Amino acid sequence: MNDTIRTLLAKLGGLPVSVDTLSDESDLYVAGLSSFASVQLMLGLEDAFDIEFPDHLLNRKSFQSVAAIEAALKSILDARKVA
11 MNDTIRTLLA KLGGLPVSVD TLSDESDLYV AGLSSFASVQ LMLGLEDAFD IEFPDHLLNR
71 KSFQSVAAIE AALKSILDAR KVA
């Protein structure tokens, strides 16, 4: 999951720094992630994981870091298992 997130972030995030230089906890907005790029990233993640982000996760905090994205994805996938 982490590798897929990082691959999509490198492809869609438009960051001025290499994704490889960022830790899982690095603030992606400080690193240069724009609001537009976060939407592109969200769409890429939805395609890659065959999910849809629920409204309550459509916020800056959910895309703040690789770790936050991974936590959001896990919560979506876990909720799908229960349903």
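Note that the sequence shown covers residues 11 to 93 in this note's numbering. All C-beta atoms, glycine included, are put in the ideal place defined by N, C-alpha and C. Owing to the predicted nature of the structure, the values given are computational and were not obtained by experimental measurement.
Once the 5 residues before and after residue i are set aside, which same chain residues still bring their CB inside 6 angstroms of it?
i, result
"I86", "I61"
Using the beta-carbon count (16 or more within 10 Å), is residue i buried or exposed?
i, result
"L68", "exposed"
"F46", "exposed"
"S33", "exposed"
"S48", "buried"
Suppose contacts are defined by Cβ-Cβ distances below 8 angstroms. Is residue i in contact with residue j by that definition?
i, j, result
"G54", "L22", "yes"
"L83", "L51", "no"
"S75", "L25", "no"
"N12", "E80", "yes"
"A77", "K71", "no"
"V29", "R16", "yes"
Identify the continuous alpha helix (DSSP H) that holds residue i and give its terminal residues.
i, result
"M98", "There is no way to answer for residue 98, as the model of the chain reaches only from 11 to 93."
"V92", "76–92"
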